[in-house]
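A quick write-up on the structure given underneath.
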Amino acid sequence: MFGLGKRRSKLGRWLDSRGISQQWLSNNSGVGRTTISDLCKGDNEHTPNMTTIQKIIKALKKIDPNINSNDFFDM
Numbered sequence: 001m002f003g004l005g006k007r008r009s010k011l012g013r014w015l016d017s018r019g020i021s022q023q024w025l026s027n028n029s030g031v032g033r034t035t036i037s038d039l040c041k042g043d044n045e046h047t048p049n050m051t052t053i054q055k056i057i058k059a060l061k062k063i064d065p066n067i068n069s070n071d072f073f074d075m
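Heads up, the sequence shown is in full-length UniProt numbering, so the first residue is 1 and it goes up one at a time.
Rendered as structure tokens:
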């Protein structure tokens with residue numbers, strides 16, 4: 001089970017609800033595993049740059065073509 005007992009960000013909850021691993025997102029986006037992990041935490045301490053956001057959204061569109069960056073990141 002993903003995210004058990006952990007505070008999660010919008011991105012983390014989205015991945016958990018679909019059973020998608022952070023490793024999958026890292027592999028398909030080219031964004032480092034540590035960065036993905038930081039972005040899935042619910043503390044909002046890590047703010048990604050636009051290039052990172054674009055890479056993540058491009059990978060997630062393989063699963064759901066209707067998502068956009070506003071679904072996960074406050075801009």
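For glycine and all other residues, C-beta sits at the position ideal for the given N, C-alpha and C. These figures come from a predicted structure and were not determined experimentally.
DSSP three-state call for residue i: helix, strand or coil?
| i | result |
| --- | --- |
| R13 | helix |
| D71 | helix |
| T34 | helix |
Can you check DSSP and say which residues form a bridge with residue i?
| i | result |
| --- | --- |
| S8 | The residue you asked about is not Ser; residue 8 is Arg in the sequence shown. According to DSSP, R8 bridges with K41. |
Can you tell me where the alpha helix (DSSP H) holding residue i begins and where it ends?
| i | result |
| --- | --- |
| M50 | 50-60 |
| S26 | 22-29 |
Just to confirm my understanding: we take residue i, look at its own chain, exclude 5 residues before and 5 after, and list those with CB closer than 7 Å. What are they?
| i | result |
| --- | --- |
| W52 | Residue 52 is actually Thr in this sequence, not Trp. Same-chain partners within the cutoff: V31, T35. |
Tell me which residues share the same chain as residue i and place their Cβ nearer than 8 Å to its Cβ, disregarding the 5 neighbours each side in the sequence.
| i | result |
| --- | --- |
| I63 | R18, I20 |
| L25 | L15, V31, I36, I56, A59, L60 |
Using C-beta distances below 6 Å, list every residue in its chain close to residue i, excluding the 5 sequence neighbours before and after it, in chain order.
| i | result |
| --- | --- |
| I57 | S69 |
| I67 | L60 |
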